[in-house]
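Trainee:
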Amino acid sequence: MPPNAISDSPRQANYDAVVIGSGPNGLAAAIALARESWRVLVVEAHATPGGGARTADDLTLPGFRHDVCSAVHPMGVISPFFRSLPLADHGLEWVHPEIALAHPLDDGSAATMHVSLEETASRLGADGKAYRQLFAPLLERADVLFPEMLGPLRLPPRHPVLMTRFGLRALPSALATARRIFRTDAGAALFAGNAAHSVLPLDRPLATGAIGIMLMLACHVAGWPVARGGSGAITDALARYFTEAL
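The sequence shown runs 2 to 247 under my numbering.
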């Protein structure tokens, strides 16, 4: 077998590490080890790598491709680790829609989140000023904030003032933040809808508000892109880099 490989079962070969599962996290771990000159085997039970980041053919109608789990990847495109990899050289192309998402409202209208913070705020009417006040200070330091949030935990943090500023916004529950900051259904729904990605009750502090803020801030930094060809293109690129370039 090659120095680094993906297989459906362990082989009789000498490896320094075995990673079980070829989802993006498993492949990222395998790549991190391989970049340190470890010989790594990734064991995957499915016929194709990817875990939840796979794209399947003909799940509904012939000719259509479907992401079996995640489809939009704001945290993937902004990940410091992913940005350190030459994934474009291995086939990954991000597609960036100008409107990241639309949240339908009961009156038939919709709240929209744009890549531009100013465009998003301008469409929120009475909540535009509150939206700017919530996100503009964080957006100004996003180049520092995201590596701090997405990297290993450091105590004390390298940027204590910035992390305190983020914490004051992020620690309350999504429900508390929506009620305290927003006056319109559009503003509250846009924030709550993003926070719902936490898969927790929206009155839960310490997580729901933080996830809502991070996802919305990520939109204003790098958009909410999709991978051309489906989410499987991400893990295909990771797998090719792992097996061919390391």
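Even for Gly, the Cβ is constructed at its ideal location relative to N, Cα and C. As the structure is a computational prediction, the values presented were derived from the model and not from experiment.
I believe residue 222 touches residue 101 by the beta-carbon criterion, under 8 Å. Please report the beta-carbon distance rounded to the nearest angstrom.
Mentor: Counting from 1 along the sequence shown, the entry for residue 222 is found at position 221. Counting from 1 along the sequence shown, the entry for residue 101 is found at position 100. 11 Å between Cβ atoms; not a contact.
Trainee: Please go through the segment 138-184 and give each complete alpha helix (DSSP H) segment of 4 or more residues, from N-terminal end onward.
Mentor: 143-151, 161-171 and 175-182, all fully within the segment 138-184.
Trainee: When the Cβ atoms of the segment 34-54 are set against those of the segment 19-26, are three or more pairs found closer than 8 Å?
Mentor: Output reads yes: the segment 19-26 touches the segment 34-54.
Trainee: With a cut-off of 8 Å on the beta carbons, I'd call residue 136 and residue 218 a contact; round off their distance for me.
Mentor: Position 135 of the sequence shown holds residue 136. Position 217 of the sequence shown holds residue 218. Yes, they are in contact, since the Cβ atoms of residue 136 and residue 218 sit about 6 Å apart, within 8 Å.
Trainee: Using DSSP bridges, identify the partner residues of residue 102.
Mentor: The residue given as residue 102 occupies position 101 in the sequence shown. Bridge partners of residue 102: 114.
Trainee: Under DSSP, the alpha helix (DSSP H) around residue 44 begins and ends at which residues?
Mentor: Translated into positions along the sequence shown, residue 44 becomes position 43. Element bounds for residue 44: not the alpha helix (DSSP H) but the beta strand (DSSP E), 41-44.
Trainee: Report yes if the CB atom of residue 145 is closer than 8 Å to the CB atom of residue 224, and no otherwise.
Mentor: Translated into positions along the sequence shown, residue 145 becomes position 144. Translated into positions along the sequence shown, residue 224 becomes position 223. For residue 145 and residue 224, no; Cβs fall outside 8 Å.
Trainee: Going by the CB atoms, is the gap between residue 175 and residue 192 shorter than 8 Å?
Mentor: Numbered from its first residue, the sequence shown carries residue 192 at position 191. Numbered from its first residue, the sequence shown carries residue 175 at position 174. Their beta carbons are under 8 Å apart, which means residue 192 touches residue 175 by this criterion.
Trainee: If the criterion is Cβ atoms closer than 8 Å, does the pair residue 232 and residue 55 meet it?
Mentor: Within the sequence shown, residue 232 is the residue found at index 231, counting from 1. Within the sequence shown, residue 55 is the residue found at index 54, counting from 1. Yes.
Trainee: Just the Cα atoms here: how many angstroms apart are residue 161 and residue 109?
Mentor: Position 160 of the sequence shown, counted from the first residue, corresponds to residue 161. Position 108 of the sequence shown, counted from the first residue, corresponds to residue 109. Roughly 43 Å separates the two Cα atoms.
Trainee: If we ignore side chains and look at the alpha-carbon of each, how far apart do residue 229 and residue 239 end up?
Mentor: Here the question's residue 229 lines up with position 228 in the sequence shown. Here the question's residue 239 lines up with position 238 in the sequence shown. Rounded to whole angstroms, residue 229 to residue 239 spans 15 Å at the Cα level.
Trainee: Taking only three categories from DSSP, how would you classify residue 97?
Mentor: Residue numbering aside, residue 97 sits at position 96 when the sequence shown is read from its first letter. It is coil, neither helix nor strand.
Trainee: How far does the beta strand (DSSP E) with residue 6 in it extend, from its first residue to its last?
Mentor: Along the sequence shown, one-based indexing puts residue 6 at 5. Here the beta strand (DSSP E) through residue 6 covers 6-8.
Trainee: Please check the pair residue 210 and residue 173, which I expect to be a contact at CB under 8 Å, by giving their CB distance rounded to whole angstroms.
Mentor: Position 209 of the sequence shown, counting from 1, holds the residue named residue 210. Position 172 of the sequence shown, counting from 1, holds the residue named residue 173. Contact holds; Cβ gap of about 5 Å.
Trainee: For residue 188 and residue 131, which I take to be in contact (beta-carbon distance under 8 Å), what is that distance rounded to the nearest angstrom?
Mentor: Sequence index remark: in the sequence shown, residue 188 carries index 187 (1-based). Sequence index remark: in the sequence shown, residue 131 carries index 130 (1-based). Correct: roughly 7 Å between the Cβ atoms.
Trainee: I need the straight-line Cα distance from residue 1 to residue 121, nearest angstrom please.
Mentor: The requested residue 1 is not part of the displayed model; the chain covers only 2 to 247.
Trainee: Excluding the 5 residues preceding and the 5 following residue 166 in the sequence, name in chain order all residues of the same chain whose CB lies nearer than 7 Å to its CB.
Mentor: Here residue 166 refers to the residue found at position 165 of the sequence shown. Result list for residue 166: 138, in chain order.
Trainee: Considering only residues of the same chain and omitting the five flanking positions on each side of residue 104, which have a CB-CB separation below 7 Å?
Mentor: Within the sequence shown, the letter at position 103 stands for residue 104. So the qualifying residues of the chain are 111, 112, 190, 191 and 194.
Trainee: Which whole-angstrom value is the C-beta distance of residue 92 and residue 185, which I expect to be below 8 Å?
Mentor: Stepping through the sequence shown from its first residue, residue 92 is reached at position 91. Stepping through the sequence shown from its first residue, residue 185 is reached at position 184. No, residue 92 and residue 185 are not in contact; Cβ-Cβ is about 43 Å, not under 8 Å.
Trainee: According to the neighbour-count rule (16 or more other Cβ atoms, all chains shown, within 10 Å of its Cβ), is residue 11 buried or exposed?
Mentor: Your numbering for residue 11 matches position 10 in the sequence shown. Exposed, because fewer than 16 other Cβ atoms sit within 10 Å of the Cβ of residue 11.
Trainee: Please classify residue 70: is it buried, with 16 or more other beta-carbons within 10 angstroms of its beta-carbon, or exposed?
Mentor: Here the question's residue 70 lines up with position 69 in the sequence shown. It counts as exposed.
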